[in-house]
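Same order as they appear, the protein sequences are chains D and E.
Take 1401 as the starting number for the first sequence in our numbering and just add one per residue.
Take 1401 as the starting number for the second sequence in our numbering and just add one per residue.
Cβ coordinates follow ideal geometry from the N, Cα and C atoms, glycine included.
Number of protein chains: 2
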Amino acid sequence: MTPVEQGPVLFEHAAIIGFGNLGSSVARALRKSAAVGSLTASDLSADVLSRAKTLDLAERYETDPATAVQGADLVVICSPISSYAAILDAIGPTLTEGAIVTDIGSVKRVVADIAEGRIPEGVRFVPGHPIAGSEKSGPEFGHEDLFDGRYWILTPGETTDRDAVERLTVLWGRCGAIVEEMAVDYHDKVLAMTSHLPHLIAYSIVGTAFDLQSSEQRDVIRFSAGGFRDFTRLAGSDPIMWRDVFLNNKEAVLEMLQRFGEDLSLLQRAIRWDDGDTLEKFFRETREVRRGVVEAKQDKPYPGADGD
Amino acid sequence: MTPVEQGPVLFEHAAIIGFGNLGSSVARALRKSAAVGSLTASDLSADVLSRAKTLDLAERYETDPATAVQGADLVVICSPISSYAAILDAIGPTLTEGAIVTDIGSVKRVVADIAEGRIPEGVRFVPGHPIAGSEKSGPEFGHEDLFDGRYWILTPGETTDRDAVERLTVLWGRCGAIVEEMAVDYHDKVLAMTSHLPHLIAYSIVGTAFDLQSSEQRDVIRFSAGGFRDFTRLAGSDPIMWRDVFLNNKEAVLEMLQRFGEDLSLLQRAIRWDDGDTLEKFFRETREVRRGVVEAKQDKPYPGADGD
Chain D
1401 MTPVEQGPVL
1411 FEHAAIIGFG
1421 NLGSSVARAL
1431 RKSAAVGSLT
1441 ASDLSADVLS
1451 RAKTLDLAER
1461 YETDPATAVQ
1471 GADLVVICSP
1481 ISSYAAILDA
1491 IGPTLTEGAI
1501 VTDIGSVKRV
1511 VADIAEGRIP
1521 EGVRFVPGHP
1531 IAGSEKSGPE
1541 FGHEDLFDGR
1551 YWILTPGETT
1561 DRDAVERLTV
1571 LWGRCGAIVE
1581 EMAVDYHDKV
1591 LAMTSHLPHL
1601 IAYSIVGTAF
1611 DLQSSEQRDV
1621 IRFSAGGFRD
1631 FTRLAGSDPI
1641 MWRDVFLNNK
1651 EAVLEMLQRF
1661 GEDLSLLQRA
1671 IRWDDGDTLE
1681 KFFRETREVR
1691 RGVVEAKQDK
1701 PYPGADGD
Chain E
1401 MTPVEQGPVL
1411 FEHAAIIGFG
1421 NLGSSVARAL
1431 RKSAAVGSLT
1441 ASDLSADVLS
1451 RAKTLDLAER
1461 YETDPATAVQ
1471 GADLVVICSP
1481 ISSYAAILDA
1491 IGPTLTEGAI
1501 VTDIGSVKRV
1511 VADIAEGRIP
1521 EGVRFVPGHP
1531 IAGSEKSGPE
1541 FGHEDLFDGR
1551 YWILTPGETT
1561 DRDAVERLTV
1571 LWGRCGAIVE
1581 EMAVDYHDKV
1591 LAMTSHLPHL
1601 IAYSIVGTAF
1611 DLQSSEQRDV
1621 IRFSAGGFRD
1631 FTRLAGSDPI
1641 MWRDVFLNNK
1651 EAVLEMLQRF
1661 GEDLSLLQRA
1671 IRWDDGDTLE
1681 KFFRETREVR
1691 RGVVEAKQDK
1701 PYPGADGD
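In C-alpha cells, the structure reads:
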C-alpha cells in the first residue's frame, strides 16, 4: 500500500454511475484520497446498490442516474459501454453547469462518438481508462488500492477543456495512478494488443477446454496449474463488459488477431516439421519481452485479484 | 506454508541430475521433508553447480552424472528431455542395484520410450511429472514449498515395479504434493490442453507484440497490466525445456491447437458480424470453467513466482 499524497478537496460531490467492481474501486480510492467531499453511488440494480450500502461506500445511493448526478461537480461513468448512450441521454438535463464527466471504458473512439452531441453546453467531458481491474464482478470485490502504480489514460480531443483534463490528472494521481494522455485511436490500437486480444484468446482457449468430454474437463481443471490457470482468470471476466469491448474495437482487434494467427501458424509449422531451432529462437525473443514487463514493474498482481 | 508431515528417512542418498529451478526445488523440498539422508547435486554447468554450492543446497556437487549417481538409492532427473538419452546412457553403468530412477519431465510417452532398454536390470524406473514450476531459470529461484498442494503425476507402465511407485508416492507426498497415477498417453493429452497449448499461445501472442514497431512495443509493455502481462509470465519460461516439450508431444499439441483454432474462428466471426449474443454466451460458459479452477484450489500462485 503506497501512502496517498494528501491535499485539498478537489471536487465537492462526485456521482459514480455503475457500481460494480470498478465503480466501487473508484469510490474507495476517492474516499482514501480525501479528494472528494461526498459521493453518490448509482446503479440500475437495486441489489447492487443495497450491497454497496451495506459496505458503506457512499453518502447517497440512487438507482436513477438523472437523480444521482444532481449537484455533482464530478461524474464518473463506470458501466459497460453499451449503456453509455442511455446514461448520457438520461443525465444530460440534470447535469450541473461546469461539471466534469469522465468514464473508465476500455475503448475510447466509440466513447468519443457517443458523447458527441450528448454532453450539454457548459459541461466538460474527458474520456478516461484506468489500466486496472479484476475478473470478479460486484461492489464487494473493489479495492481502494486498485489504481496504485497503474496507468490511467486520458484521451482528450482537440476541443476538450484543458482545465478539466488537468483537474482529473491531479485527481487520479491522488488515487495512486500514473496519469497519461494519449490519442484516442492510438489508445484503441495499443489496448487491442495489451488487453483485448489477450482476453479474446483466453476466452477461446478456455472454451476449447469446455468442449472436452466431462472426464477430461475435470482433469483439465485439476491440472490447470501448468499454465491453463493463467488464462482462466482473464476468461472469468465480466461477459457484458467484454462483449461490448470487442464489438466496439472491432477493426483493431481483428487486425491484431490476424497478426497473432500468422505467428501461431509459424510455431505450428515448426512443431509439425520438428524445427527446434525456430521454436527456440522464438522463445528466446519472447523472454526479452517478459523481462521488459518485469522492468516496467507491471508484473505485480492487483490487490484483491484471485491469487494471480 | 503447509506443515510437512514428518517421518522416517525414506532414501539414504539422492542424486538430482539437472540443477535448475526445478532440480533445486526438488532438493529444497526433500531437505525440508527430512525424507532423504543426503543429496548430490549434478549439472553439466559448473557455474550452476557453484551457485547451488553458495546456496548450500546439497552435500555433494558433481558435474559428471555418472559420478553423481554412485551410491544413490534415488535418482531424480530434472533436466530438459533432449538430454535424457545421454544422461541415462552415462549413468547406466554406475547406478546402484535396487535404486529408483524417476524424472520430472512434462511429456511422458517419449520418456518411457527413451528409458526402454536404457535402465539396467535391478534398477527401477518410474516416470513422473509435478504440475508446478516457475518461469525463472536457475537454482536460486527454486522453492521448498513449490509442490505444496500441487499434483505430482506418476505414469508407471505395466512392467513398472509397484514398490518403487509406492515409495515415490510417499516421498513426494512428504514434499507436500498430491500424488496420482495416470496412463501415459492420457497424461500427454491432458497436459497438452492444460499446459502445452497455453504456453504455445502465450509464446505466440508475446511474439506478436515483439513484431510491433519499437514505440508501440514500449507502450504494450507499459500497459501490459490489462491482460498481456498474464501471458508474458508463461512466455518467459525456459526456451530449451519448452522446445523439447513441443517436439516431443507433437500430435497432442497439434490436435489441441486445431480445436483452439476452431473456437477462435467462431469468436472472430462473431466480432466481424457484430454478433453480441454469441460472444456473451461464450464468455458466460468460460466463466464457469474459472469457477471450477477456483473451487479446485488451483488458482493460487506458486511461491517465488513473479507476482502472478
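Write down the C-beta distance between residue i and residue j rounded to the nearest angstrom, noting that I regard them as a contact closer than 8 Å.
| i | j | result |
| --- | --- | --- |
| V1606/E | V1590/D | Wrong, their Cβ atoms sit about 15 Å apart, outside the cutoff. |
| E1685/D | F1610/E | 5 Å |
| M1582/E | T1560/E | Not a contact, Cβ separation roughly 13 Å. |
| D1447/E | R1633/D | 36 Å between Cβ atoms; not a contact. |
| A1468/D | S1442/D | 4 Å |
| A1602/E | A1635/E | 4 Å |
| L1430/E | A1414/E | 6 Å |
| L1597/D | M1641/D | 16 Å between Cβ atoms; not a contact. |
Give a yes or no on whether the minimum CB-CB distance between residue i and chain E is below 8 Å.
| i | result |
| --- | --- |
| E1581/D | no |
| T1686/D | yes |
| F1628/D | yes |
| T1454/D | no |
| K1650/D | yes |
| A1722/D | Shown here, chain D extends from 1401 to 1708; a query on residue 1722/D therefore has no answer. |
| D1489/D | no |
| L1591/D | yes |
| T1608/D | yes |
| T1494/D | no |
| D1344/D | The first residue shown for chain D is 1401 and the last is 1708, placing residue 1344/D beyond what the model contains. |
| D1548/D | no |
Compare the C-beta of residue i with all C-beta atoms of chain D and state if any pair is closer than 8 Å.
| i | result |
| --- | --- |
| D1552/E | Contrary to the premise, residue 1552/E reads as Trp rather than Asp in this sequence. Not one chain D Cβ lies under 8 Å of W1552/E. |
| L1444/E | no |
| V1693/E | yes |
| L1439/E | no |
| V1426/E | no |
| V1620/E | yes |
| Q1668/E | yes |
| R1509/E | no |
| V1448/E | no |
When DSSP labels each residue in this structure, what does residue i get in the three-state scheme?
| i | result |
| --- | --- |
| P1408/E | coil |
| D1706/D | Confidence in D1706/D is poor, its pLDDT being 42 and thus under 50, which makes the residue's placement too unreliable to answer from. |
| A1414/D | strand |
| D1503/E | strand |
| L1384/D | For chain D, the structure presents residues 1401 to 1708; residue 1384/D sits outside this window and is missing. |
| L1554/D | strand |
| I1578/E | strand |
| G1420/D | coil |
| S1445/D | coil |
| P1403/E | Its pLDDT being 47, under 50, P1403/E is placed unreliably in this model, and the value from its coordinates should be taken loosely. In this structure, P1403/E counts as coil in the three-state DSSP scheme. |
| S1438/E | strand |
| R1518/D | coil |
| V1523/D | coil |
| V1693/D | helix |
| I1477/D | strand |
| G1528/D | strand |
| E1662/D | helix |
| E1459/E | coil |
| V1469/E | coil |
| F1623/D | coil |
Would a C-beta distance cut-off of 8 Å place residue i and residue j closer than the cut-off?
| i | j | result |
| --- | --- | --- |
| S1604/D | F1660/E | yes |
| G1498/E | G1528/E | no |
| E1462/E | T1440/E | yes |
| C1478/E | G1533/E | no |
| P1639/D | R1687/E | yes |
| P1465/D | I1519/D | no |
| V1584/E | R1509/E | yes |
| F1411/E | A1435/E | yes |
| G1549/D | K1697/D | yes |
| V1507/D | D1588/D | yes |
| H1543/E | S1637/E | no |
| L1654/D | I1531/E | no |
| Y1551/E | R1622/D | yes |
Cβ of residue i versus every heavy atom of the ligand MG: is any distance shorter than 7 Å?
| i | result |
| --- | --- |
| D1619/D | The ligand content of the structure shown is nil, which means the ligand MG is not present either. |
Does the beta carbon of residue i sit closer than 8 Å to a beta carbon anywhere in chain B?
| i | result |
| --- | --- |
| Y1603/D | Although the question refers to chain B, the structure presented lacks it and instead comprises the protein chains D and E. |
> Does the region 1469-1488 of chain D come within contact of the region 1499-1509 of chain D, defined as at least 3 CB pairs closer than 8 Å?
Replying inline: yes
> Counting pairs of Cβ atoms below 8 Å between the region 1643-1654 of chain E and the region 1562-1580 of chain E, do you hit three or more?
Replying inline: no
> Is there contact between the region 1448-1460 of chain D and the region 1536-1544 of chain D, where contact requires at least three CB pairs shorter than 8 Å?
Replying inline: yes
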